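Below is one structure, written out as structure tokens, with a few remarks after it.
Residue numbers (our numbering): 32 to 409.
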């Protein structure tokens with residue numbers, strides 16, 4: 032199976048728009064189409080070689096319904112022979128889409144697959160696809176709380192103070208500002224023309240944030256809580272696409288891969304505290320790879336709420352000099368189904384910038400799951 036080793040040939044993303052921001056009038060299928068067309072253009076791949084399009088999306092209704100992946104491919108002009116499927120592992124959807132595509136390659140199902148994610152939270156609000164109560168049997172079996180309360184419970188369990196949450200969040204903005212100022216994202220971001228302006232920067236950045244300002248924000252989920260809008264991820268719009276193949280096919284077509292897949296893993300955890308999934312997922316993916324934390328040059332952990340990466344970091348003794356170095360979802364936003372693919376894209380380009388070898392991407396997932404992937408730069 033060595034010749035079926037899945038590799039990433041190219042990765043691109045749009046900027047991340049804030050809620051009702053630059054992309055509020057852009058349909059999600061069109062937003063994903065910008066990334067898809069640029070991916071094909073950059074790689075010069077013959078579209079007839081592409082066999083499948085795997086796209087993560089969480090709120091699959093309205094403009095994001097009807098097997099969005101297939102509709103994206105058709106709308107963007109891919110040949111009708113390119114199949115499409117839409118993945119929903121909640122916040123891990125984009126990362127799972129890329130992992131599924133890698134597994135297709137590895138299993139010999141396809142030689143070329145495009146994978147990614149998209150979400151327009153401006154046009155299809157989070158939770159708008161859930162119009163019925165949860166199953167009473169589920170409620171009887173588990174204390175089901177929503178993500179914000181879970182973030183509060185994590186802060187309680189790991190004794191994380193409001194000040195620590197705010198300091199982590201401010202650092203995310205500071206790192207994103209530095210990355211934007213140094214134009215670290217320019218080569219990965221596809222310019223999207225909106226009313227004659229090319230959108231090239233993630234819109235969520237708050238350059239004027241201070242600890243004092245963040246300290247004035249009211250708790251969002253408990254009257255006496257610690258979790259606020261300032262130390263939580265932002266509601267956003269965005270898309271990202273990656274082209275996957277085998278190392279053998281890439282060599283045959285004289286295409287240089289950017290990275291290879293080392294290992295992938297998912298994990299289930301207590302659905303009440305739910306957002307601790309990155310901890311066992313990271314442990315599993317390291318075990319599968321034979322690597323240790325010290326072997327990893329770069330970590331991308333999704334900042335759904337500040338308490339999530341802080342707890343993950345404490346449990347795994349993470350060196351934050353190597354984690355979320357360009358900021359995360361608290362600063363740039365979290366377009367649900369797109370974020371995992373965006374984290375892949377960020378990791379690939381950052382490994383190139385720092386001349387690193389291994390990156391580990393991990394995310395928490397609603398109702399108690401985690402997902403993790405390790406890639407190696409080639």
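Ideal Cβ positions, reconstructed from N, Cα and C, are used throughout, including at glycine.
Computed from a prediction, not measured in an experiment: that's the story for all the values here.
Nonlocal neighbours in the same chain, by C-beta distance under 8 Å from residue 371, ignoring five residues either side
The beta carbon of residue 371 sits closer than 8 Å to the beta carbons of 87, 122, 123, 124, 125, 126, 127, 128, 129, 148, 333, 392, 394, 402 from its chain, once the five residues preceding and following it are set aside; these are given in chain order.
According to DSSP, is residue 343 helix, strand or coil?
Residue 343 falls in the helix class under three-state DSSP.
Count the CB pairs spanning the region 327-343 and the region 178-193 that are closer than 8 Å, and state whether there are at least three.
Contact between the region 327-343 and the region 178-193 is present: 3 or more CB-CB pairs across the two stretches fall below 8 Å.
For the structure I just gave you, are there three or more beta carbon pairs, one from the region 99-113 and one from the region 40-47, closer than 8 Å?
With the cut-off at 8 Å, the region 99-113 and the region 40-47 do not touch.
With a CB to CB cut of under 6 Å and the five nearest residues on each side skipped, what residues in its chain are close to residue 221?
Taking C-beta separations shorter than 6 Å and ignoring five residues to either side along the sequence, the partners of residue 221 in its chain run 43, 45, 65, 66, 69, following chain order.
What is the C-beta distance between residue 375 and residue 273, in whole angstroms, given that I count them as a contact (C-beta under 8 Å)?
At roughly 6 Å, the Cβ-Cβ gap stays under 8 Å, so residue 375 and residue 273 are in contact.
Under 9 Å between the Cβ atoms of residue 289 and residue 383?
Yes.
Would you please state the rounded distance, in angstroms, between the beta carbons of residue 219 and residue 364? I believe it to be under 8 Å.
Wrong, their Cβ atoms sit about 16 Å apart, outside the cutoff.
Beta-ladder partner(s) of residue 137, from DSSP:
Bridge partners of residue 137: none, in fact.
What's the gap between the Cα of residue 199 and the Cα of residue 185?
Distance between the alpha carbons of residue 199 and residue 185: 15 Å.
For residue 201 and residue 159, which I take to be in contact (beta-carbon distance under 8 Å), what is that distance rounded to the nearest angstrom?
Not a contact, Cβ separation roughly 31 Å.
Grouping DSSP H, G and I as helix and E and B as strand, with all else coil, what is residue 87?
DSSP, reduced to helix, strand and coil, places residue 87 within a strand of the structure shown.
Under 9 Å between the Cβ atoms of residue 361 and residue 408?
Not closer than 9 Å, so no.
Given a cut-off of 9 Å, decide if residue 112 and residue 82 are closer than it, judged by their beta-carbon atoms.
Result yes, Cβ atoms of residue 82 and residue 112 sit closer than 9 Å.
Simplified DSSP assignment, three categories, for residue 351
DSSP, read as helix, strand or coil, puts residue 351 in helix.
Roughly how many angstroms separate the alpha carbons of residue 326 and residue 320, rounded to a whole number?
If I take the Cα positions, the gap works out to 11 Å.
Collapsed DSSP secondary structure at residue 74 in the structure displayed:
Residue 74 sits in a helix when the DSSP states are folded into three classes.
List the DSSP bridge partners of residue 157.
In the DSSP output, where bridge partners are listed per residue, residue 157 has none listed.
For residue 311, name the three-state secondary structure that DSSP assigns.
If DSSP states are grouped into helix, strand and coil, residue 311 belongs with the helices.
If I measure Cβ to Cβ from residue 242 and keep anything under 8 Å in the same chain, skipping five residues before and after, which residues do I get?
These residues qualify, in order along the chain: 194, 197, 198, 201.
List, from N- to C-terminal side, the alpha helix (DSSP H) runs of 4 residues or more that fit wholly inside the region 197-244.
If we require 4 residues or more, the region 197-244 turns out to have no alpha helix (DSSP H) run fully inside it.
Helix, strand or coil: how does DSSP classify residue 10 here?
With the chain covering 32 to 409 only, the question about residue 10 has no answer from this structure.
8 Å CB neighbourhood of residue 157 in its chain, flanking five on each side removed
Excluding five sequence positions before and after residue 157, the CB atoms of its chain that fall closer than 8 Å to its own CB belong to 89, 90, 266, 367, given in chain order.
Taking only runs that begin and end inside the region 96-155, name each unbroken beta strand (DSSP E) of 3 or more residues, in chain order.
Listed in chain order, they are 114-118, 144-151.
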